[in-house]
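Number of protein chains: 2
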Amino acid sequence: MDIQEKIAGEITIAENPGETIRKWREEFQVSQLDLARYLEISPSVISDYESGRRKSPGVTSIRKIVNALVEIDLKRGGQVLRRYNSGMPSDAIIDISDYSHDISLERVIRMISGTNYSSIGLNRYIRGYTIVDGIKAILSFSYSEYSKLYGWSSQRIIFFTEVKLGRSPMIAIRVHPLKPAAVVYIQPDRIDDLAVKLADVENIPLIVTELDAPAISKIMSSLK
Amino acid sequence: MDIQEKIAGEITIAENPGETIRKWREEFQVSQLDLARYLEISPSVISDYESGRRKSPGVTSIRKIVNALVEIDLKRGGQVLRRYNSGMPSDAIIDISDYSHDISLERVIRMISGTNYSSIGLNRYIRGYTIVDGIKAILSFSYSEYSKLYGWSSQRIIFFTEVKLGRSPMIAIRVHPLKPAAVVYIQPDRIDDLAVKLADVENIPLIVTELDAPAISKIMSSLK
DNA sequence: TGCTGCTTTCGTCATTAAACGTAGTGTCAT
DNA sequence: ATGACACTACGTTTAATGACGAAAGCAGCA
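Printed below as a string of structure tokens:
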């Protein structure tokens, strides 16, 4: 989920959408005038929204306003965005890609010679994959950056390298709202009971493979 | 952030809001007819939205629709909501309380004979504390339930029992948006390097105490 | 075959959002 | 005080929303 959706959602659900628009405009430190100039409309329009004369703004207006705030901030160097989004893409993500259609999880697991440690079945479909360095991700990702693991669809496999007991990755998944379709540990030292238990609770298959990350990357990117 | 805002945000930002409305209506397994009946409007209105004849629905319409979907699901027992929100209150929280004013962290750590394992100073203040069973919390809390650890203020100490290496609790904190003022491990087996590193990165003092949970509970509740 | 339930399409109408522009208030630095 | 800037208030226009209801297209199914 990106920041635009978060702001738009807040505005839409708020008792008073206008006030919420104002809150975010001020948060971004954009004057009504600047916003109006950017959108090439009259400043009074912004005032009308915020004061509540326009009681139920349409999604197009909201989208325009929210996008404008974000884009203005980006032009200024993205200072505000960084507070919410903080950080740049890191080197924790080794490979990430999305497919344009469903791919059978069972087939993928067969191709990477995976062993299922959980009691969750493999008859589901994925639309993307992410290969991530477990330790680096934990150390370098802030909360909101975890959503980067999910690319365009949360219906995906996440591969973790640098796994010792396998607890950390499953706990990160447990605590985070987005859940992958499957988790694969790449050459882990061993698999802790808690990791398996968490996988079962979350209804996420927990797979182990002895192939290495480059090999997996090659296989996954060649699919379809 | 609750689910209504998430859905509303998605609808608003989507290229095609109507399709996104449909997606969520189907996700909730509500027919256009049921939704229309609940909102006491004609089914054709829903169809008009979803088909895109109404290109820029206002926030009131969206709010009504989103709330209706959630309320209908609740009436049916909240099956879909649980997938996103999952879980009931648990017995993982041993004690939780809030103070009506600031209390010096340094003083608290002295009273519980704590040792600071991190390089973060103790000159800060807390407004509450939570004592939680680390394992049970991880197993029974869904994402949104983690906020229960924070009571009224996130300016608080969180005590964890049942700690082995001390990685899991810090990872949970790392991944979650709310951050406590300090973390205390109650009689851990040992302290892993990664736990300390995470505490430093998060700027949260990581303390260890050899007192047991009931003793801590007594001390913390007697404060002021 | 015909019924029932779900959905779509469309013509129509009242209301209101979306925009303008002008006029006006308040607050600063100069 | 004289701009410059940020915002508010309001009257006005037009295009679109929000709603209806009727008709008709598809399913499944007894």
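As given, the protein sequences belong to chains A and B, one line each in that order. According to this note's numbering, the first sequence is numbered sequentially starting from 12. According to this note's numbering, the second sequence is numbered sequentially starting from 12. Glycine included, each C-beta is placed from N, C-alpha and C at the ideal position. Bear in mind that the values here come from a model prediction, so they are computed numbers and not experimental data.
At 9 angstroms on the CB atoms, spell out the chain B contacts of residue i, in chain order.
i, result
"alanine 183(A)", "Ile182, Ala183, Arg185, Val186"
Just list the residues that DSSP pairs residue i with in beta bridges.
i, result
"serine 1(B)", "Look at the range of chain B in this structure, 12 to 235, and you will see that residue 1(B) is not part of it."
"alanine 193(B)", "Ile168(B)"
"isoleucine 142(B)", "Asp106(B), Phe170(B)"
"leucine 209(A)", "Its beta-bridge partners do not exist; DSSP assigns none."
"isoleucine 22(A)", "Paired residues: none, contrary to the question."
"asparagine 127(B)", "Ile218(B)"
"glycine 29(B)", "According to DSSP, glycine 29(B) bridges with nothing at all."
"glycine 69(B)", "Gly69(A)"
For residue i, tell me which candidate among the options has the shortest Cα-Cα distance.
i, options, result
"arginine 65(B)", "Arg185(A), Val70(A), His187(A)", "Val70(A)"
"leucine 222(B)", "Leu205(B), Tyr196(B), Arg201(B)", "Tyr196(B)"
"proline 68(B)", "Met231(B), Gln43(B), Arg185(B), Glu30(B)", "Glu30(B)"
"valine 77(A)", "Ile146(B), Glu21(B), Leu80(B)", "Glu21(B)"
"glutamate 213(A)", "Lys190(A), Ser232(A), Gln198(A), Met231(A)", "Lys190(A)"
"lysine 75(B)", "Ser55(B), Gly89(B), Ala47(B), Arg121(B)", "Ala47(B)"
"isoleucine 107(A)", "Phe170(A), Leu80(A), Asp113(A)", "Phe170(A)"
"valine 207(A)", "Ser115(A), Pro180(A), Ala25(A), Gln198(A)", "Pro180(A)"
"tryptophan 35(B)", "Lys17(B), Tyr49(B), Leu50(B)", "Lys17(B)"
"phenylalanine 39(B)", "Asn134(B), Lys147(B), Leu85(B), Pro28(B)", "Leu85(B)"
"isoleucine 202(B)", "Ala183(B), Val174(B), Asn27(B)", "Val174(B)"
"leucine 50(B)", "Ala79(B), Ile73(B), Ile32(B)", "Ala79(B)"
"isoleucine 238(A)", "Ala148(A), Asp113(A), Ile168(A)", "Coverage of chain A is limited to positions 12 through 235, which leaves residue 238(A) absent and any answer about it impossible."
"proline 199(B)", "Ala210(B), Thr172(B), Ile120(B), Asp211(B)", "Thr172(B)"
"isoleucine 218(B)", "Val194(B), Asp204(B), Ile32(B), Val143(B)", "Val194(B)"
"isoleucine 114(A)", "Ser130(A), Tyr140(A), Ile131(A), Ile105(A)", "Tyr140(A)"
"arginine 138(B)", "Gly88(B), Gly132(B), Ala192(B)", "Ala192(B)"
"valine 143(B)", "Ile120(B), Arg135(B), Ala103(B)", "Ala103(B)"
"leucine 133(B)", "Glu61(B), Ile215(B), Leu92(B)", "Ile215(B)"
"asparagine 227(B)", "Arg87(B), Ile105(B), Lys147(B)", "Here residue 227(B) turns out to be isoleucine, not asparagine, going by the sequence shown. Measuring from the Cα of isoleucine 227(B), the nearest candidate turns out to be Ile105(B)."
"valine 91(A)", "Met231(A), Val41(A), Arg121(A), Ala210(A)", "Val41(A)"
"lysine 147(A)", "Gly63(B), Leu209(B), Ile131(B), Arg87(B)", "Leu209(B)"
Let me know if residue i comes out buried or exposed under the rule of 16 or more other beta-carbons within 10 Å of its beta-carbon.
i, result
"proline 225(A)", "exposed"
"threonine 126(A)", "exposed"
"arginine 118(A)", "exposed"
"proline 100(B)", "Any reading at proline 100(B) must be qualified, since the residue scores a pLDDT of 37, below 50, and its modelled position is unreliable; the value itself is stated next. That one is exposed."
"serine 97(A)", "Confidence at serine 97(A) is low in this model, with a pLDDT of 41, below 50, so its placement is unreliable and the value that follows should be read with caution. Exposed, by the Cβ-count rule."
"lysine 229(A)", "exposed"
"serine 55(A)", "exposed"
"leucine 234(B)", "exposed"
"alanine 183(B)", "buried"
"arginine 178(B)", "buried"
"glutamate 37(B)", "exposed"
"glutamine 166(A)", "buried"
"serine 129(B)", "buried"
"isoleucine 24(A)", "buried"
"glycine 145(B)", "buried"
"leucine 205(A)", "buried"
"glutamate 82(B)", "exposed"
"serine 185(A)", "Correcting the residue identity first, residue 185(A) is arginine in this sequence and not serine. By the 10 Å Cβ count, arginine 185(A) comes out buried."
"alanine 26(A)", "In the sequence on display, residue 26(A) carries glutamate and not alanine. Classification for glutamate 26(A): exposed."
"isoleucine 14(B)", "buried"
"serine 72(B)", "buried"
"leucine 44(B)", "exposed"
"isoleucine 120(A)", "buried"
"isoleucine 52(A)", "exposed"
Which residues of chain B have a Cβ atom closer than 8 angstroms to the Cβ of residue i, listed in chain order?
i, result
"serine 67(A)", "Gly69, Val70, Thr71, Ser72"
Please compile the residues from chain A whose C-beta is within a distance smaller than 7 angstroms of the C-beta of residue i.
i, result
"arginine 36(B)", "Ordered by position in chain A, no residue passes the 7 angstroms Cβ test against arginine 36(B), which lies about 16 angstroms from the chain."
Please list, in chain order, the chain B residues whose beta carbon lies closer than 7 angstroms to that of residue i.
i, result
"arginine 178(A)", "Arg178, Ser179"
- Item | Contacting positions in the region 14-33 of chain A - beta carbon closer than 9 angstroms to chain B | Gln15, Glu16, Lys17, Ile18, Ala19, Gly20, Glu21, Ile22, Thr23, Ile24, Ala25, Pro28
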